[in-house]
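Colleague: Numbered according to my numbering, the sequence shown spans residues 112 to 573.
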Amino acid sequence: MENIKRYIDQHKERFINELIALLKIPSVSADPAYAQDVLDTATAVEKSLLVAGCDSVEVCETEGYPIVYGAKIIHPNLPTVLVYGHYDVQPPDPMDLWDSPPFEPQIKSTPTHPEGAIFARGACDDKGQMYMHVKAFEFMVKQNQLPCNVKFMIEGEEEVGSENLAVFVAEHKERLNCDVILISDTGMIAQDTPSITTGLRGLSYVEVTVTGPNRDLHSGLYGGAVANPINILSKMIASLHDENNHITIPGFYDKVEELSAAERAEMAKAPFNLEAYESALDIASVYGEKGYTTNERNSIRPTLDVNGIWGGYTGEGAKTVIASKAHAKISMRLVPHQDWHEITELFKAHFERLAPSGVTVAVTPHHGGQGYVTPIDSIGYRAASKAYETTFGKTPIPQRSGGSIPIVSLFEKELKSKTILMGFGLDSDAIHSPNEHFGVWNYLKGIETIPHFYKYFTELSK
112 MENIKRYIDQ
122 HKERFINELI
132 ALLKIPSVSA
142 DPAYAQDVLD
152 TATAVEKSLL
162 VAGCDSVEVC
172 ETEGYPIVYG
182 AKIIHPNLPT
192 VLVYGHYDVQ
202 PPDPMDLWDS
212 PPFEPQIKST
222 PTHPEGAIFA
232 RGACDDKGQM
242 YMHVKAFEFM
252 VKQNQLPCNV
262 KFMIEGEEEV
272 GSENLAVFVA
282 EHKERLNCDV
292 ILISDTGMIA
302 QDTPSITTGL
312 RGLSYVEVTV
322 TGPNRDLHSG
332 LYGGAVANPI
342 NILSKMIASL
352 HDENNHITIP
362 GFYDKVEELS
372 AAERAEMAKA
382 PFNLEAYESA
392 LDIASVYGEK
402 GYTTNERNSI
412 RPTLDVNGIW
422 GGYTGEGAKT
432 VIASKAHAKI
442 SMRLVPHQDW
452 HEITELFKAH
462 FERLAPSGVT
472 VAVTPHHGGQ
482 GYVTPIDSIG
492 YRAASKAYET
502 TFGKTPIPQR
512 SGGSIPIVSL
522 FEKELKSKTI
532 LMGFGLDSDA
542 IHSPNEHFGV
552 WNYLKGIETI
562 PHFYKYFTEL
572 SK
């Protein structure tokens with residue numbers, strides 16, 4: 112791997128331009144209006160894998176968007192790495208908060224990325240991080256330095272729950288057989304502080320609807336005489352947390368693992384500046400469950416958050432109505448041992464009990480997934496650690512993430528392989544938000560580091 116830096120220097124401009132071309136395609140899986148764009152992105156990923164050196168690539172149809180599968184098998188006796196990523200992206204809304212159009216990528220300097228960052232929806236999550244693997248693979252193939260077998264599985268439905276991926280994995284276990292799964296859909300602490308994600312939270316995502324009268328009513332003629340669904344929904348949501356920001360759903364915490372004082376002390380060693388954190392978010396103070404630090408609240412503790420709420424008249428000016436319906440989208444981030452199906456049922460039963468007479472409540476589950484913890488003594492983790500040590504010059508810190516990648520636990524169940532999460536994004540990269548971006552330095556550093564993982568994993572597997 113001694114010439115990886117030289118190869119990146121020679122091809123840096125091309126690597127960036129290829130990613131920009133991919134980011135221009137608005138592959139929003141949640142909105143049917145972008146269906147053709149999602150399909151076009153799958154085709155673009157297929158072509159990139161072929162050009163990079165896969166012997167075979169297939170766009171595999173599913174009941175939803177296709178999965179792009181590619182492989183290069185150099186010898187059946189060598190280890191096999193399965194790379195997972197996704198080519199779909201979150202909706203860009205709200206559009207008015209973007210400083211530049213979300214699908215017209217621009218490179219801009221920021222205090223965190225003085226060398227420049229690519230601003231576009233999907234730049235970090237996950238097109239940029241997925242494409243690092245394609246370019247790292249290209250280097251190993253073109254320079255005849257690929258030490259083991261490689262398979263790629265790049266899907267187009269991660270942002271809507273990966274519903275069809277589970278079916279694909281179950282039906283293609285032999286085809287996907289591997290020794291380790293490698294994913295870059297997470298982040299690291301800082302450019303000078305590498306880290307490896309060792310835990311992910313699970314997820315339960317639901318939509319709720321409160322219905323009152325059979326039509327919108329005049330708020331003067333009917334106000335105070337009938338239940339207002341928006342008022343009721345607001346009270347119901349407010350009751351889901353107590354004065355200590357503890358979630359009030361009965362049974363919600365029954366399977367939550369309490370980490371030992373020693374484990375919490377290890378977590379506390381990760382660099383964290385509360386004042387800088389608050390300043391970056393422009394908030395006066397942090398807020399959360401009593402008895403836990405900020406880094407504990409967003410990683411090892413479960414949460415419940417309203418992601419959207421609407422009802423009644425929200426246009427310009429005034430319209431005095433009592434809405435017939437009120438709606439909200441709610442997500443619960445779960446920790447290992449909490450089953451997302453069970454939590455969804457607990458939420459449904461509790462929320463329905465909260466409804467007073469005069470309204471009806473409907474709870475519609477959308478999607479979810481289990482949490483995941485990966486051991487730090489596995490061959491895969493050790494190989495990743497050595498790879499970061501080689502390119503960053505320091506040992507990475509194991510860190511649990513607050514995010515969710517629901518299919519990781521599925522992979523272990525179906526494929527019997529551990530997953531290694533080598534993320535190169537930063538918390539400040541605004542994933543899922545307006546002005547999402549990915550540092551050029553981080554992108555290229557990922558391309559530099561990933562080949563070393565292959566080298567060390569192959570060596571340690573002997």
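C-beta atoms are modelled at their ideal positions from N, C-alpha and C, and glycine is treated no differently.
Hey, which unbroken runs of the alpha helix (DSSP H) at 4 residues or more fall wholly within the stretch 222-258?
Modeller: 238-253
Colleague: Mind listing, in chain order, the continuous beta strand (DSSP E) runs of no fewer than 3 residues lying wholly within the stretch 436-470?
Modeller: The stretch 436-470 contains these whole beta strand (DSSP E) runs: 436-445.
Colleague: Taking the alpha carbon of residue 141 as the reference point, which residue from 119, 173, 265, 270 has its own alpha carbon closest?
Modeller: When only C-alpha atoms are compared, the closest one is 270.
Colleague: Got a sec? Which residues, its chain only, sit under 8 Å from residue 331 by beta carbon, not counting five neighbours each side?
Modeller: Scanning its chain for C-beta atoms nearer than 8 Å, with the 5 sequence neighbours on each side dropped, one finds around residue 331 the residues 431, in chain order.
Colleague: Is residue 537 helix, strand or coil by DSSP?
Modeller: coil
Colleague: Pull the bridge partners of residue 146 from the DSSP assignment, please.
Modeller: None, per the DSSP bridge assignment.
Colleague: Closest to residue 227 by CA distance: which of 236, 233, 217 is it?
Modeller: 217
Colleague: Can you tell me whether DSSP reads residue 563 as helix, strand or coil?
Modeller: helix
Colleague: Below 8 Å, how does it come out for the stretch 251-261 and the stretch 170-178: are there three or more Cβ pairs, yes or no?
Modeller: no
Colleague: Verify whether the separation of the beta carbon atoms of residue 192 and residue 293 is less than 8 Å.
Modeller: yes
Colleague: With the cut-off set at 8 Å, would you say residue 443 and residue 462 are in Cβ contact?
Modeller: no
Colleague: Determine the direct distance from the alpha carbon of residue 479 to that of residue 199, and round the result to whole angstroms.
Modeller: 17 Å
Colleague: Hey, residue 235 and residue 536 are a contact pair by Cβ (cut 8 Å); roughly how many whole angstroms apart?
Modeller: 4 Å
Colleague: When the Cα atoms are used, what is the spatial distance from residue 183 to residue 401?
Modeller: 51 Å
Colleague: Near residue 326, what residues of its chain come up, given a Cβ to Cβ distance below 6 Å and the 5 sequence neighbours on each side ignored?
Modeller: 435
Colleague: DSSP three-state call for residue 201: helix, strand or coil?
Modeller: coil
Colleague: So residue 495 is in the alpha helix (DSSP H); what residue range does that whole segment cover?
Modeller: 490-503
Colleague: In terms of residue numbering, what span does the beta strand (DSSP E) encompassing residue 549 cover?
Modeller: 548-550
Colleague: Are the stretch 478-495 and the stretch 345-352 in contact at 8 Å, needing three or more beta carbon pairs?
Modeller: no
Colleague: Per DSSP, residue 327 forms a beta bridge with which residues?
Modeller: Looking at the DSSP output, residue 327 bridges to nothing.
Colleague: How close, in whole Å, do the beta carbons of residue 533 and residue 564 come, if the pair is a contact with beta carbons under 8 Å?
Modeller: 7 Å
Colleague: For the stretch 311-320 against the stretch 444-451, are there 3 or more C-beta pairs whose distance is under 8 Å?
Modeller: yes
Colleague: For a test of the three-state rule: what should DSSP assign to residue 264, helix, strand or coil?
Modeller: strand
Colleague: With contact counted as at least three CB pairs below 8 Å, one residue from each stretch, are the stretch 396-415 and the stretch 365-385 in contact?
Modeller: yes
Colleague: Since residue 467 and residue 209 are thought to touch, with beta carbons under 8 Å apart, how far apart are those beta carbons, to the nearest angstrom?
Modeller: About 41 Å; that fails the 8 Å criterion.
Colleague: What are the start and end residues of the alpha helix (DSSP H) that includes residue 120?
Modeller: 115-134
Colleague: Answer yes or no: do residue 203 and residue 232 have a C-beta to C-beta separation smaller than 8 Å?
Modeller: Yes. Within cutoff.
Colleague: Does the beta-carbon of residue 120 have 16 or more other beta-carbons within 10 angstroms, so that it is buried, or is it exposed?
Modeller: exposed
Colleague: Would you call the CB atoms of residue 197 and residue 267 closer than 8 Å?
Modeller: In this structure, residue 267 lies closer than 8 Å to residue 197 by Cβ.
Colleague: Between which two residues does the alpha helix (DSSP H) harbouring residue 372 extend?
Modeller: If you look at residue 372, you'll find it in the alpha helix (DSSP H) that goes 372-378.
Colleague: Smallest Cα separation from residue 403: which of 291, 306, 356?
Modeller: Among 291, 306, 356, the Cα nearest to that of residue 403 is on 356.
Colleague: For residue 279 and residue 115, which I take to be in contact (beta-carbon distance under 8 Å), what is that distance rounded to the nearest angstrom?
Modeller: Actually they are not in contact, since the Cβ atoms of residue 279 and residue 115 sit about 32 Å apart, beyond 8 Å.
Colleague: Within 10 angstroms of the Cβ of residue 418, are there 16 or more other Cβ atoms? Answer buried if so, exposed if not.
Modeller: exposed
Colleague: What are the start and end residues of the alpha helix (DSSP H) that includes residue 396?
Modeller: No alpha helix (DSSP H) holds residue 396; DSSP gives it neither H nor E.
Colleague: Just confirm the distance between the C-beta atoms of residue 321 and residue 433, as a whole number of angstroms; I'd bet it's less than 8 Å.
Modeller: Between residue 433 and residue 321 the Cβ distance is about 12 Å, and since that is not below 8 Å, they are no contact.
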